[in-house]
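Taken in sequence, the protein lines are chains A and B.
For the first sequence, position 109 (counting from the first letter as 1) is numbered 109 according to the UniProt record's numbering, and the numbering increases by one without interruption.
For the second sequence, position 178 (counting from the first letter as 1) is numbered 178 according to the UniProt record's numbering, and the numbering increases by one without interruption.
All C-beta atoms, glycine included, are put in the ideal place defined by N, C-alpha and C.
Keep in mind the model is a prediction, meaning the values are calculated, not measured.
One structure below.
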Amino acid sequence: MSVSARSAAAEERSVNSSTMGQQKNLEGYVGFANLPNQVYRKSVKRGFEFTLMVVGESGLGKSTLINSLFLTDLYSPEYPGPSHRIKKTVQVEQSKVLIKEGGVQLLLTIVDTPGFGDAVDNSNCWQPVIDYIDSKFEDYLNAESRVNRRQMPDNRVQCCLYFIAPSGHGLKPLDIEFMKRLHEKVNIIPLIAKADTLTPEECQQFKKQIMKEIQEHKIKIYEFPETDDEEENKLVKKIKDRLPLAVVGSNTIIEVNGKRVRGRQYPWGVAEVENGEHCDFTILRNMLIRTHMQDLKDVTNNVHYENYRSRKLAAVTYNGVDNNKNKGQLTKSPLAQMEEERREHVAKMKKMEMEMEQVFEMKVKEKVQKLKDSEAENLGKEQEEREDLLNSLLTTSYVLVANMPAWTSVFVGSV
Amino acid sequence: MATKTTCMSSQGSDDEQRKRENVRSLTMSGHVGFESLPDQLVNRSIQQGFCFNILCVGETGIGKSTLIDTLFNTNFEDYESSHFCPNVKLKAQTYELQESNVRLKLTIVNTVGFGDQINKEESYQPIVDYIDAQFEAYLQEELKIKRSLFTYHDSRIHVCLYFISPTGHSLKTLDLLTMKNLDSKVNIIPVIAKADTVSKTELQKFKIKLMSELVSNGVQIYQFPTDDDTIAKVNAAMNGQLPFAVVGSMDEVKVGNKMVKARQYPWGVVQVENENHCDFVKLREMLICTNMEDLREQTHTRHYELYRRCKLEEMGFTDVGPENKPVSLQETYEAKRHEFHGERQRKEEEMKQMFVQRVKEKEAILKEAERELQAKFEHLKRLHQEERMKLEEKRRLLEEEIIAFSKKKATSEIFHGQSFLATGSNLRKDKDRKKEPSCGFELLCVDVRTCENSGGRKDAEKGREGHSARGRP
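See the structure below:
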């Protein structure tokens with residue numbers, strides 16, 4: 001998730017509150033300040049859901065970290081972690097747990113990937129993960145597109161914790177490949193696993209190297225949002241400086257200085273999980289669960305899911321239509337597209353009809369004119385002939401009439 | 001119920017679902033911190049701001065604007081509407097309000113001219129159309145390929161305040177008709193307007209009468225929800241007080257030592273916020289403080305979904321294909337597209353065929369006309385031919401006569417000449433005569449023939465002259 005995506009969203013927000021209303025000041029108590037409480041109540045009643053994916057080679061402490069994060073035996077001998085369930089090929093498996101705290105119910109889905117990165121040839125080991133995420137998006141899209149939508153279960157992966165082995169040097173090619181392929185489908189939070197094998201200086205060096213490589217490869221890891229609150233922003237900046245978070249997990253409770261803490265007991269001391277000087281576990285827990293869980297869900301819904309959806313629908317809508325024409329027209333819905341096609345067709349038919357009418361009229365006119373002309377011509381000729389004949393006859397009769405007196409006189413004379 | 005998360009209201013069905021999906025319930029050994037999730041959600045909502053759209057339906061002058069002003073403690077509009085609008089129009093205005101840290105984008109939609117026309121049959125249709133148009137706009141946005149629903153300005157009506165005239169008797173037919181047409185599209189909260197004209201006892205009877213009329217006519221008004229324990233009791237009680245009898249006023253009157261919103265009459269002061277005087281406070285509580293979010297949710301999950309379902313079904317979309325197998329949007333869309341394409345092809349073919357048919361018909365007509373003309377022409381020609389033959393015949397006869405005459409004349413002239421010779425006068429004339437008789441008429445005949453072509457009268461005259469010269473005794 002890049003800076004640009006977030007700032008673009010923020011910009012859109014301000015542009016779209018372009019249906020700005022008039023500012024009005026209240027002259028007294030109204031009561032809508034209680035709206036947040038109403039929202040609070042309803043959300044508690046509904047309950048919450050979250051889907052978290054953990055990815056990394058076996059033995060990096062993924063299960064232990066999850067148990068530590070949620071202070072529960074999510075992974076136990078009865079429900080073994082991914083490292084104990086390796087099959088021949090990479091699997092993507094989920095387990096759901098329901099946990100309650102302070103009246104708030106959380107349905108937590110943990111998705112893990114046994115076998116990831118453990119084979120000799122790990123080419124395409126990310127493919128099952130991509131397929132899983134896409135299939136969840138697809139399920140959601142189908143549920144959302146139904147005519148009858150009632151229950152819309154949300155199983156979309158909202159966060160992916162990616163475990164980096166604490167080599168101390170840099171990212172492995174597999175790490176880079178995986179993150180590059182998944183950063184536009186899910187919020188990736190890279191973690192340095194088993195951080196208690198690194199000294200603070202080594203850790204610092206390692207982190208710098210990793211961030212450098214992440215930037216080089218243009219990998220977009222999950223970004224913490226800017227807020228209007230100055231204090232909060234300071235905190236956010238502190239977190240950003242410590243990325244990627246170096247974590248330690250533990251299933252055992254040890255007593256240290258009279259306190260019972262989660263930690264790992266070594267001959268040389270105890271590495272405490274929740275000690276900020278020992279590792280970044282607390283930061284991770286606070287960020288992931290206490291402050292940014294909702295934001296992770298929002299980003300998944302508003303960015304990753306929407307990307308998936310628009311790509312999917314564009315393929316459906318413009319199937320069979322020349323795509324060059326339609327670049328930049330992705331704001332239409334499939335229904336609107338159909339409507340437009342229908343309108344285009346109606347216009348085309350009208351035009352066709354008009355053209356045909358014109359041609360028709362023209363041809364008819366021509367033909368009629370031709371007939372008229374030939375009729376006129378024929379009649380004219382006839383008329384002419386007739387006139388000539390009449391004239392000649394007229395002449396002959398004139399002659400006769402003219403000569404009658406002469407001839408009769410001749411006869412008269414002769415008699 | 002909820003839009004994007006699994007509905008968890010009824011424990012029973014959820015437990016079943018969870019068993020099906022193999023969901024384990026676990027307990028935590030410490031404080032994890034996700035109980036802040038509702039706060040996170042609330043913070044995001046506050047950041048985004050809220051939006052609420054009210055539609056006010058009621059006759060002109062019934063007090064809609066005043067009530068809204070009073071409800072939101074703001075002077076929104078300045079002018080009064082006229083009573084002379086030819087039809088009902090809807091006017092929407094958007095305002096930005098803020099109370100403590102909560103920003104509210106409030107849109108007030110007023111029905112201008114409702115109930116003013118002499119014929120009120122068309123009164124409710126513009127309202128229904130407006131509500132549908134907002135649903136349609138949202139649906140279009142939701143169906144776009146590239147959409148931004150989270151920044152979309154939602155203009156769908158969340159609540160309709162229906163203002164009932166305080167007649168004290170019953171609902172008007174227009175009211176029943178309108179509400180019946182709106183109840184499946186919007187949350188209706190009926191209020192008795194200008195309630196300060198109804199006395200307390202009358203009010204009780206009036207409310208009962210109104211509610212029973214609504215029930216018996218099957219009008220579904222909004223019920224305040226009773227599923228949340230914290231507010232169930234209050235809501236249930238309020239449901240029994242519907243419709244709220246309200247009085248609105250932005251004028252302040254001094255009562256005791258406070259300035260309160262009230263209406264001052266010679267016989268007393270009606271205090272808006274006094275629950276003994278009217279139900280204004282109840283309305284404000286229910287509408288704004290307690291159930292605003294529920295109104296928004298109901299609009300989205302019930303009314304909008306109903307509209308969407310009807311619209312999609314109208315266009316031929318279904319969830320289940322011909323063999324009762326579930327169909328995805330893609331398949332439906334492709335099928336539809338294919339269908340339309342086929343139909344369009346068919347229409348084009350049809351038009352072409354029709355055109356070909358017309359051409360054929362016209363051709364036939366013209367051919368017929370041509371034939372008729374030809375026949376007429378032939379007929380005419382024949383007539384002329386006959387005429388010509390007759391005339392030729394006559395001419396032949398005339399010519400024969402002429403020849404006969406000339407012969408006679410020649411013979412008579414010979415006799416004549418012989419008698420002249422005997423007398424010895426007019427030698428010249430004899431000469432002429434001698435020349436002329438033999439060739440004279442022949443000349444004439446020749447001339448006549450040439451006359452046919454030149455229409456020569458002159459030659460005839462020449463002949464005449466010659467003869468007359470000779471012919472006078």
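Residue(s) in a DSSP beta bridge with residue i
i	result
Phe52 of chain B	B:Leu106
Gln22 of chain A	B:Tyr95
Tyr162 of chain A	A:Val55, A:Pro190
Tyr79 of chain A	Paired residues: none, contrary to the question.
Asp112 of chain A	A:Val54, A:Glu93
His120 of chain B	Note that residue 120 of chain B is Lys in the sequence shown here, rather than His. Answer is none; Lys120 of chain B lacks a bridge partner.
Leu245 of chain A	A:Leu191
Arg264 of chain A	A:Ala271
Thr111 of chain B	B:Leu90
Ala262 of chain B	B:Gln271
Beta-carbon contacts of residue i that lie in its chain and below 7 Å, excluding the five residues immediately before and after
i	result
Val104 of chain A	Val44, Phe48
Met286 of chain B	Phe224, Met238
Ala195 of chain A	Pro166, Cys203, Ala246, Val247, Val248, Cys279
Asn239 of chain A	It should be noted that the sequence gives Ile, not Asn, for residue 239 of chain A. Correct list, in chain order: Phe224, Ile283, Met287.
Glu57 of chain A	Phe116, Gly117, Asp118, Ala165
Ile99 of chain A	Phe70, Thr72, Leu106, Leu108
Glu141 of chain B	Arg147, Leu149, Tyr152
Residue i burial status per 10 Å Cβ neighbour count (16 or more: buried)
i	result
Lys259 of chain A	exposed
Trp267 of chain B	exposed
Ser25 of chain B	exposed
Tyr266 of chain A	exposed
Gly113 of chain B	buried
Pro86 of chain B	exposed
Gly102 of chain A	exposed
residue 446 of chain A	No answer is possible for residue 446 of chain A: the residues shown for chain A start at 1 and end at 415.
residue 419 of chain A	Chain A is shown from 1 up to 415; residue 419 of chain A falls before or after that span and cannot be answered.
Ala195 of chain B	buried
His158 of chain B	buried
Pro243 of chain B	buried
Ala376 of chain A	exposed
Glu59 of chain B	buried
Arg371 of chain B	exposed
Val120 of chain A	exposed
Met179 of chain B	buried
Phe415 of chain B	exposed
Contacting residues, own chain, Cβ-Cβ under 8 Å from residue i (five flanking each side not counted)
i	result
Asp183 of chain B	Val219, Gln220, Ile221
Leu373 of chain B	none
Val128 of chain B	Asn181, Leu182, Lys185
Lys336 of chain B	Met315, Gly316, Phe317
Tyr138 of chain B	Tyr152, Asp154, Ser155, Arg156, Tyr304
Whole-angstrom C-beta distance between residue j and residue i, which should lie under 8 Å
i	j	result
Pro126 of chain B	Leu90 of chain B	6 Å
Leu182 of chain A	Ile130 of chain A	7 Å
Val246 of chain B	Asp279 of chain B	6 Å
Gln158 of chain A	Leu296 of chain A	5 Å
Phe206 of chain B	Val215 of chain B	In fact, because the Cβ distance is near 15 Å, the residues do not count as touching under 8 Å.
Thr226 of chain B	Asn235 of chain B	5 Å
Own chain partners of residue i with C-beta closer than 6 Å, once the 5 adjacent residues on each side are dropped
i	result
Phe441 of chain B	Its pLDDT being 43, under 50, Phe441 of chain B is placed unreliably in this model, and the value from its coordinates should be taken loosely. Same-chain partners within the cutoff: Ser406.
Arg103 of chain B	Gly49
Thr94 of chain B	Thr107
Thr396 of chain A	none
Asp298 of chain A	none
Ser63 of chain A	Tyr75, Gly81
Arg308 of chain B	Leu139
Practice prompt. For the segment 259-278 of chain B, enumerate the residues whose C-beta is nearer than 9 Å to any C-beta of chain A, in chain order.
Written response: Lys261
Worksheet item: According to a CB-to-CB cut-off of less than 9 Å, which residues of the segment 17-33 of chain A neighbour chain C?
Response: In summary, chain C is missing from the structure at hand, where the protein chains are A and B.
Practice prompt. Residues of the segment 78-100 of chain A with a CB closer than 9 Å to any CB of chain B: list them in chain order, please.
Written response: Tyr79, Ser95, Lys96, Val97, Leu98, Ile99, Lys100
Item to complete: Identify each residue in the segment 38-70 of chain A for which the Cβ-Cβ distance to at least one residue of chain B is less than 9 Å, and report them in chain order.
Response: Gln38, Val39, Tyr40, Arg41, Lys42, Ser43, Val44, Lys45, Arg46, Gly47, Phe48, Glu49, Phe50, Leu69, Phe70
Worksheet item: Closer than 9 Å, Cβ to any Cβ of chain A: which residues of the segment 59-78 of chain B, in chain order?
Response: Leu71, Phe72, Asn73, Thr74, Asn75, Phe76
Fill in: Chain-ordered residues of the segment 201-228 of chain B with a beta carbon less than 7 Å from chain A
Asp228
Discussion item. Short of 9 Å Cβ to Cβ, which residues in the segment 24-46 of chain B face chain A?
Written reply: Arg24, Ser25, Leu26, Thr27, Met28, Ser29, Gly30, His31, Val32, Gly33, Phe34, Glu35, Ser36, Leu37, Pro38, Asp39, Gln40, Leu41, Val42, Asn43, Arg44, Ser45, Ile46
Discussion item. If the cut-off is 8 Å on Cβ atoms, which residues from the segment 347-362 of chain A count as contacting chain B, listed in chain order?
Written reply: Met349, Met352, Glu353, Met356, Phe360
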